[in-house]
RNA sequence: GGCCCGGUGGCAGAGUGGUCAUGCAGAGGACUGCAAAUCCUUGUACGUCGGUUCGAUUCCGGCCCGGGCCUCCA
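Numbering (the numbering used here), first residue to last: 1 to 471.
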């Protein structure tokens with residue numbers, strides 16, 4: 001196995017990844033706050049860290065990797081959304097959580113080792129806050145408990161900003177109960193009608209950030225753990241504050257060793273975000289292309305780069321996957337009876353291990369696909385082609401791709417009327433037999449416009465393939 | 001204002017101090033009734049101005065343009 005390298009936000013450099021304990025590699029990734037369905041931008045870290053999870057399992061063994069991705073089901077946005085919907089909070093979070101998990105499955109993601117819910121970890125948060133108060137890193141004020149940023153002189157290392165810079169750039173009014181403008185809320189009082197839990201500071205609820213500190217240590221154990229991931233926009237304040245809380249409570253020098261952040265998905269050059277309203281929801285995208293195409297599209301750019309989301313891009317991803325499924329069908333792989341497992345190609349692993357360079361890994365996939373076609377069709381060497389295809393399949397699987405049955409992907413997707421296509425093929429066959437090529441070509445053209453490719457074989461039969469979804 | 005990214009051929013998108021990304025689209029060829037699929041071939045690409053260097057798209061600096069964080073956000 002090649003050495004894994006990751007870009008560490010903490011040091012702003014690409015570093016060799018060395019786990020604290022190779023027998024227990026630990027990763028925490030910030031999951032969604034469940035008040036709405038997720039969009040393509042939210043899907044990016046879900047997919048990227050699923051790839052990293054798979055790669056770590058490949059390197060260290062499946063049993064040696066713990067991956068925690070939380071669901072935050074208590075937050076003011078949730079309270080507001082439930083109110084706007086006129087439904088109980090529990091109904092909203094249950095429905096949205098379920099939809100989130102369904103989206104993850106549709107995108108081909110493995111289940112993380114643990115998917116904790118914040119509301120199941122309130123006790124841990126209260127304990128953590130208690131420790132922070134006891135150690136002088138937090139104080140109570142007007143029913144709130146706040147983290148004292150000046151109590152931690154080296155606060156701001158992850159986002160590379162000093163407390164003074166933060167305060168100078170602040171664009172929000174400072175709450176009067178804060179001792180320092182940079183202080184942030186750990187616990188806040190709940191009014192009647194708002195969800196709340198009893199605590200030493202009265203009935204209240206956690207502030208944003210503390211849930212991740214609590215869930216990470218509850219499920220991953222002593223600090224530091226190996227990898228903490230999430231979107232670029234979480235660096236500040238969320239991850240910076242998680243670090244402050246976790247380090248402060250445990251006098252630890254670090255919360256996690258490697259901080260990995262993905263770039264944004266853009267819409268016409270601007271960040272896709274709910275506040276801008278320029279979002280493409282995953283469930284809406286799924287109505288246009290299969291989930292695997294969304295996944296492949298996202299892997300088409302390096303995870304740290306911005307990625308512009310366009311319908312054309314999703315289409316191209318889908319058509320490329322069609323080419324890949326042809327490789328499997330040609331070599332008899334990927335079907336229900338296929339239990340042959342190959343090993344990922346060395347070059348492919350090298351690309352993936354180099355800071356998850358998925359575009360380079362995909363380029364390797366294209367190279368392997370071409371070699372399969374050449375061996376099978378040009379060189380008439382099915383056995384050789386199959387051998388390469390096994391490597392191809394194993395490589396693609398590491399990216400979480402090609403999970404469908406080729407026959408289903410190529411001819412069984414929604415919106416395709418197989419019998420009608422077969423009938424048109426038969427009509428075309430008859431036309432060709434009668435040398436009515438104009439009619440034969442018209443049929444081919446018509447189907448091509450619908451995204452259906454015809455392939456005339458040597459033996460006189462004609463096959464067909466659904467290149468893209470019929471929408 | 002502070003901090004941080006990025007500007008690569010028609011498009012998408014890697015990468016590198018001096019021979020190759022890759023894909024889509026385009027052109028030519030093999031194959032074909034013609035095609036399609038598949039394969040082969042093909043394109044004076046690296047924002048701009050300087051500097052370092054034998055040599056820079058790649059390193060350094062200025063500038064222009066775009067984006068992000070500093071407030072909820074993946």
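Beta carbons are placed, not taken as given, at the ideal position from N, Cα and C, and that holds for glycine.
Source: prediction; values computed, not measured.
For residue i, count neighbouring Cβ atoms within 10 angstroms of its own Cβ and tell me buried if that reaches 16, exposed if not.
i           : result
residue 111 : exposed
residue 366 : exposed
residue 395 : buried
residue 276 : exposed
residue 87  : exposed
residue 226 : buried
residue 45  : buried
residue 61  : exposed
residue 305 : exposed
residue 215 : buried
residue 1   : exposed
residue 476 : Since the displayed the chain opens at 1 and closes at 471, residue 476 lies outside it and no answer follows.
residue 298 : buried
residue 81  : buried
residue 75  : buried
residue 270 : exposed
residue 437 : exposed
residue 419 : exposed
residue 371 : buried
residue 391 : buried
May I ask which residues mark the beginning and end of the alpha helix (DSSP H) holding residue i?
i           : result
residue 244 : 240–250
residue 85  : 76–85
residue 284 : 282–285
residue 267 : It is not in any alpha helix (DSSP H) - residue 267 instead sits in the beta strand (DSSP E) that spans 265–267.
residue 42  : 40–60
residue 298 : 291–299
residue 313 : 311–330
residue 6   : Residue 6 -> not in any alpha helix (DSSP H); beta strand (DSSP E) instead, spanning 5–8.
residue 126 : 122–134
residue 347 : 346–353
residue 114 : Premise fails: residue 114 is in no alpha helix (DSSP H) and is neither H nor E.
residue 306 : That residue, residue 306, is in no alpha helix (DSSP H); it is neither H nor E in DSSP.
residue 397 : 382–398
Assuming residue i is part of the beta strand (DSSP E), what are its boundary residues?
i           : result
residue 435 : Run containing residue 435: none; DSSP gives neither H nor E here.
residue 256 : 256–262
residue 228 : 225–231
residue 466 : 462–466
residue 146 : 144–147
residue 140 : 138–141
residue 456 : 452–456
residue 14  : 13–16
residue 66  : 65–69
Between which residues of its own chain and residue i is the CB-CB distance below 8 Å, once the five residues before and five after are set aside?
i           : result
residue 130 : 200
residue 224 : 20, 252, 253, 254, 255, 256 and 257
residue 66  : 24, 25, 26, 27, 113, 114, 219 and 220
Might you give, ordered along the chain, the residues of its own chain that have their beta carbon closer than 6 Å to the beta carbon of residue i, omitting 5 neighbours on each side?
i           : result
residue 48  : 262 and 303
residue 114 : 68 and 219
residue 358 : 299
residue 132 : 138, 248 and 249
So what does DSSP say about residue i, is it helix, strand or coil?
i           : result
residue 420 : helix
residue 28  : strand
residue 270 : strand
residue 236 : helix
residue 175 : coil
residue 206 : strand
residue 288 : coil
residue 201 : coil
residue 184 : strand
residue 371 : helix
residue 162 : coil
residue 150 : helix
Beta-carbon within less than 7 Å of residue i's beta-carbon, same chain only, minus the 5 sequence neighbours each way: which residues are those?
i           : result
residue 142 : 177
residue 405 : 334, 335 and 336
residue 39  : 272, 279, 280, 281 and 282
residue 361 : 348, 351, 352 and 399
residue 180 : 148, 149 and 150
residue 187 : 129, 144, 145, 199, 201, 204, 206 and 207
Compute the minimum distance between the beta carbon of residue i and the heavy atoms of the ligand NAD, and state whether it is under 8 Å.
i           : result
residue 373 : For the ligand NAD, the structure offers nothing, since it holds no ligand at all.
The region 240–259 / the region 277–284 touching (three or more Cβ pairs under 8 Å): Output reads no: the region 277–284 does not touch the region 240–259.
message: Counting beta carbon pairs with one atom in the region 219–236 and one in the region 26–35, are three or more of them shorter than 8 Å?
response: When Cβ pairs closer than 8 Å are counted between the two stretches, the region 26–35 is seen to touch the region 219–236, the count reaching three or more.
message: Counting beta carbon pairs with one atom in the region 150–165 and one in the region 202–210, are three or more of them shorter than 8 Å?
response: Judged by Cβ distances under 8 Å, the region 202–210 makes no contact with the region 150–165, as fewer than three pairs qualify.
- prompt: Should the region 317–325 be regarded as contacting the region 286–299, the criterion being three or more beta carbon pairs within less than 8 Å?
  reply: When Cβ pairs closer than 8 Å are counted between the two stretches, the region 317–325 is seen to touch the region 286–299, the count reaching three or more.
- request: Would you check if there are 3 or more beta carbon pairs closer than 8 Å linking the region 416–429 to the region 443–462?
  value: The answer is yes - the region 443–462 touches the region 416–429, with three or more Cβ pairs under 8 Å.
task: Would you be able to state if there are at least three C-beta pairs under 8 Å between the region 249–267 and the region 69–86?
output: When C-beta atoms of the region 69–86 are compared with those of the region 249–267, fewer than three pairs fall below 8 Å, so the two segments do not count as touching.
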